[in-house]
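Counting in the working numbering, the sequence shown runs from 180 upward without gaps.
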Amino acid sequence: MDIGLISRRYAKALADYSAERGEDSKVYGEVQQLAELYRQDRPLHEALQSPVLPIKEKISALCHLSPAPLCKSLTDFISLVLRHHRENLLYFMFHSFMDLYRERHNIREAELYTAAPVGNGVEETLRSKIQELSGYTVNLHRKIKPAIIGGFVFRMDDMLIDASVASQLAVLRRNLGNEPARKI
């Protein structure tokens, strides 16, 4: 069984169905919440995998754990997945859907690592500059990583910009260690 192929097919079906109903952005937000909940809540994961629980109870469990009522597109999709006994792939389907949604709406995920918190102005300036250069809408996630000492590390897709003090020190250390000592 090809997990990637199956999850992408189901995700495409959800994307098409929710877009047809005009609920794709709402479904995207709900799928993000459910994927995070599914990842963190082991009992939920086990309940969905259980062959003993009926489909209606599994759907009810997912709907009640969601902070807001799920839209019709998503409840129909979850019902379809459970009827076809594909609940073990639901998490992968959620991630495939999120990737497909981002692709269709030109959205990219990016991470900005800094040694200390940066202000919202810096984040907004960086986001607008990246959007201007790339043409994509950018979801920028800030993360604090004291090990970089100073500067920043920026990652988006396969692009990495490492302007951290730690990496510059490593390069300097490597270059100084490779030079032979001068003898006079």
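By construction, the Cβ of each residue, glycine as well, lies at the ideal position given by its N, Cα and C atoms. No experiment lies behind these values; they were computed from the predicted model shown.
Cutoff 8 Å; reference residue i; Cβ partners in own chain excluding five residues on either side
i	result
S258	I234 and I238
D220	L244
L348	I328
V260	Y189, E266, L268, L269 and M272
A247	E209
Beta-carbon gap between residue i and residue j smaller than 9 Å
i	j	result
H144	A226	Residue 144 is absent from the model: the chain starts at 180 and stops at 363.
I328	A345	yes
E266	Q310	no
R187	L253	no
M272	Y207	no
I185	L268	yes
R352	N318	no
C250	E209	yes
M370	S313	For the chain, the structure presents residues 180 to 363; residue 370 sits outside this window and is missing.
R281	V297	no
N354	Y315	no
A295	F256	no
Neighbourhood of residue i by C-beta, 6 Å cutoff - its chain only, sequence neighbours within 5 removed
i	result
D203	S197
V332	Y292, D341 and S343
Y270	Y217
A289	V317, L319 and M335
DSSP beta-bridge partners of residue i
i	result
R321	L291
D203	Answer by DSSP bridge pairing: none, since D203 is not bridged.
D341	V332
K286	According to the sequence provided, residue 286 is Ile. The question's Lys does not apply to it. The partner list for I286 (beta bridge, DSSP) reads T316.
For residue i, three-class secondary structure by DSSP
i	result
S197	helix
S159	Absent from the model: residue 159. The displayed extent of the chain is 180 to 363, so no value can be given.
G183	helix
I238	helix
G298	coil
D255	helix
H274	helix
L269	helix
H264	coil
L227	helix
A247	coil
P222	helix
L213	helix
L305	helix
L355	helix
Own chain residues within Cβ distance below 7 Å of residue i, not counting five before or after
i	result
D195	none
A326	A345
Residue i beta carbon near the ligand FAD (any heavy atom closer than 8 Å)
i	result
Q211	The ligand FAD is not part of this structure, which contains no ligands at all.
Neighbour flag for residue i against chain B, beta carbons, 9 Å
i	result
H264	Looking at the structure shown, chain B is missing, and only one protein chain is on hand.
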